[in-house]
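Have a look at the structure below, then the notes.
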Amino acid sequence: MLLPLLLIALATGSAGIIAYGTDPALAHWAHGMAMIMLSRRLQWPLVMLCLILCIALLALVISGKHRAWWLIALAPILALFFHQFAPWGNQRLYIVDFVPAEQATLRNDDWIVGITFGDQDYALPYRALYTMPVVFITDYDKRMIVMWSARANRAAAWTISRELKSRDLEIASTPADTLLLFDKRLGQFIVAIDGQTPHGEKPIGFEQLVPTVKTTWPVWQKLHPMTKVLGGYDFGDAPAGPVLPSDPGQIIDGAATETHIVIVQTATPSAIREDGIDNRPRNVVAGQTRLLIFRDASLQLHAFDRNAKEDLFLTFVPKTNRRIKEAAMVDSDTNSWWTITGKAVQGPLKGTQLKELTIEPDLYWGVMKRWYPQLNLAR
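Residue numbers (the working numbering): 1 to 379.
The structure is reproduced here in structure tokens:
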């Protein structure tokens, strides 16, 4: 009696770890990421152990030592295996079919991830990336990987070397609204939201970060008419634009997880609420950095360091005099006039150029705070 119970308990426990050991919800618990990675590393040894235990139970029944009704215990084990390895539950890792823009079947409300790689522009529709979130692009001897974290609304693109093989990658889990990739040959995990390992190191085979743009299809096509589009697939009912994070409504450091933010690449990356940014110059304090941030006429975001000369930190206001047409604002410290490119065109600081900073819009506060714990909302 004890032997079949022991075999069933061990087999069911192994199947349970296989089925739920990489569940994304574990990432919210202490040591959850470590549990997910360990479960994925032990997946196939656990499969073999589970099969051996099931065969042993079957042998006991065939030999007549125990009744056949013990085999009922194999049903939940089979269900757990089916839960983990069902073919329709697996996301595809990469696709390489691109078509010219005139052959694309995209709508005006379709959002895309735009990338310029080499001399070629590429548009990856959200509707494709929701079901196929990892894309490899090859341009002669150059290779690139694009990783899409849907509920973070972030795409990370990196140039890669030949050491990283697409066939060796698989999606292990989706913890905290991003992808966790596993390289079976190199034995390394890759977090898609930042292109790093879970320990914050650059993965083997990753080289340079490639800028990405998130915008609507008409805007991208107008700017890049010769773009190639990821196509040839049935997108089904996939959303055409961004979706909310998995836990909307929760409050983290005084702001809801679904709060739209932009991240400015200062010495320590800074987050700014996006709903307060318009065409008026905003003077923002982010840690030790004083920022100027605003939108231009095309709604594109710009961010500049307000440090003009040594310890001179300017404060900007909209211009009130239309006499200088190229100017968009004036600083209240020296009364110099500035363009939207951050250059002074009149006044004591004429000719001074402010340092423009890299800015990434349309992100969610909760997701980014979890993966960048040092991130704070700027004043």
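Note that the Cβ used here is the ideal one computed from N, Cα and C, for glycine as well.
query, result
"The segment 219–231 touching the segment 116–127, judged by at least three CB pairs closer than 8 Å", "yes"
"Spatially closest choice to Leu80 from Ala271, Val191, Asp23 and Ile115, by CA coordinates", "Asp23"
"Beta-carbon proximity check, Val210 vs Trp158, cutoff 8 Å", "yes"
"Same chain only: Cβ atoms within 7 Å of Gln353, ignoring 5 sequence neighbours per side", "Gly342 and Lys343"
"Pick from Glu201, Ile340, Gln221 and Gln265 that is closest to Leu299, judged by C-alpha positions", "Ile340"
"Inter-residue Cα distance where the pair is Ser270 and Cys50", "48 Å"
"Of the listed residues Ala11, Asp110 and Glu201, nearest to Gly215 (C-alpha basis)", "As written in the sequence, residue 215 is Thr, which differs from the Gly given in the question. Cα-wise, what sits closest to Thr215 is Asp110."
"Presumed contact (8 Å Cβ cut-off) between Pro242 and Asn153, rounded CB distance", "5 Å"
"Assigned exposure category for Asp183 - 16 Cβ within 10 Å defines buried", "buried"
"Residue environment, Leu250, which counts as buried when at least 16 other CB atoms sit within 10 Å", "For the sequence presented, residue 250 should be read as Gln rather than Leu. So Gln250 counts as exposed."
"Integer Cβ distance of Ala27 from Pro175, believed to fall under 8 Å", "3 Å"
"Neighbourhood of Val61 by C-beta distance below 8 Å, restricted to the same chain and skipping five residues each side", "Arg67, Ala68, Trp70 and Leu71"
"Trp365 to Leu7 span [Cα, whole Å]", "47 Å"
"Extent of the continuous beta strand (DSSP E) to which His83 belongs", "Taken as a continuous stretch (DSSP letters only), His83 belongs to no beta strand (DSSP E), being part of the alpha helix (DSSP H) at Leu74 to Phe85."
"Selection from Leu46, Leu74 and Pro45 that minimises the alpha carbon distance to Leu380", "Because the chain is modelled from 1 through 379, residue 380 falls outside the range shown and cannot be assessed."
"CB of Gln120 within 8 Å of CB of Asp139, strictly", "yes"
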